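Enquirer:
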Amino acid sequence: MNVTKTPNVLWRQARSDDFDAAYTILRSAARRMVQQGRHQWDDSYPQKEDVQNDILLAQAYVLESDEKVVAYGVVSFDGEPAYDALCDGEWLTHGSYAVVHRMAVDIDERRSGLGTCFFEKVVEMCKERNVSSIKVDTNYDNVEMLALLLRLDFLLCGKVYYDRAGERIERLAFEKVL
Numbered sequence: 000m001n002v003t004k005t006p007n008v009l010w011r012q013a014r015s016d017d018f019d020a021a022y023t024i025l026r027s028a029a030r031r032m033v034q035q036g037r038h039q040w041d042d043s044y045p046q047k048e049d050v051q052n053d054i055l056l057a058q059a060y061v062l063e064s065d066e067k068v069v070a071y072g073v074v075s076f077d078g079e080p081a082y083d084a085l086c087d088g089e090w091l092t093h094g095s096y097a098v099v100h101r102m103a104v105d106i107d108e109r110r111s112g113l114g115t116c117f118f119e120k121v122v123e124m125c126k127e128r129n130v131s132s133i134k135v136d137t138n139y140d141n142v143e144m145l146a147l148l149l150r151l152d153f154l155l156c157g158k159v160y161y162d163r164a165g166e167r168i169e170r171l172a173f174e175k176v177l
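Quick note on numbering that gives the first Met the number 0: the sequence shown kicks off at 0 and runs consecutively.
1) In chain order, what residues of the same chain lie with their CB nearer than 7 Å to the CB of Lys4, ignoring the 5 residues before and after it?
2) Tell me which residue opens and which closes the beta strand (DSSP E) that Phe173 is part of.
3) Should Tyr71 and Ile24 be called a contact, given that it needs their Cβ atoms to be closer than 7 Å?
4) If you count every other CB in all the chains shown that lies within 10 Å of the CB of Cys86, and 16 or more means buried, which is it?
5) What distance in whole Å lies between the Cβ atoms of Lys134 and Tyr96, which are believed to be in contact at a cut-off of 8 Å?
6) What are the boundary residues of the beta strand (DSSP E) that includes Tyr161?
7) Using the three-state DSSP reduction, which class does Leu9 fall into: helix, strand or coil?
8) Thinking Asp53 and Arg101 are a contact (beta carbons under 8 Å), I'd like their distance in whole angstroms, please.
9) Can you look up Thr92 in the DSSP assignment and give me helix, strand or coil?
10) Quick one, which of Val50, Gln34, Asp42 has its alpha-carbon nearest Ala13's?
11) Apart from the five residues on each side of it in sequence, which residues of its chain come closer than 7 Å, Cβ to Cβ, to Ala20?
12) Quick check on Gln35: buried or exposed, where buried means 16 or more other Cβ atoms within 10 Å of its Cβ?
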């Protein structure tokens, strides 16, 4: 297991005992989005099964501060099938890449730099694996993620679509070349 420390923050792969904290972070983020009239996440997504599967597949990562999980996200090097059908644009690269999904910061820790720290750790993982690109998608109204991606020099490449419970969901697709 890769364990990295930055000042007061520990980066590590999530364990089964992190489930409650991770799920709480995601549900709090979803509730906040709904309250603000945004459409990225809601009561139906993400669910417990998503987090359990992330941990089981060893793709879940956390940032921990003072022995408390303060950020959660999925980092996968297995590709994302929805990214094979990019619409209204073109990816910057066509080789292997990391994808980040379901990334959120504890509601009490927002604006503390943890989102930036999370992506910096993903960059380190990519460099260790000789992967030269990170791809991410988000909703048009996820203002925090959009601002973070632009601040970290991700470029908008097009749109991707997911099928969630029979509904076609559009997301903006971004890529950062390392």
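Ideal Cβ positions, reconstructed from N, Cα and C, are used throughout, including at glycine.
Computed from a predicted model, the values in this text were never measured in an experiment.
Expert: Taking the definition as stated:
1) Here the model assigns Lys4 a pLDDT of 49, short of 50, so the residue's position is not dependable, and the following value carries that caveat. Excluding sequence neighbours, Lys4 sits near nothing in its chain.
2) 166-176
3) yes
4) exposed
5) 5 Å
6) 154-163
7) strand
8) 7 Å
9) coil
10) Val50
11) Val68
12) exposed
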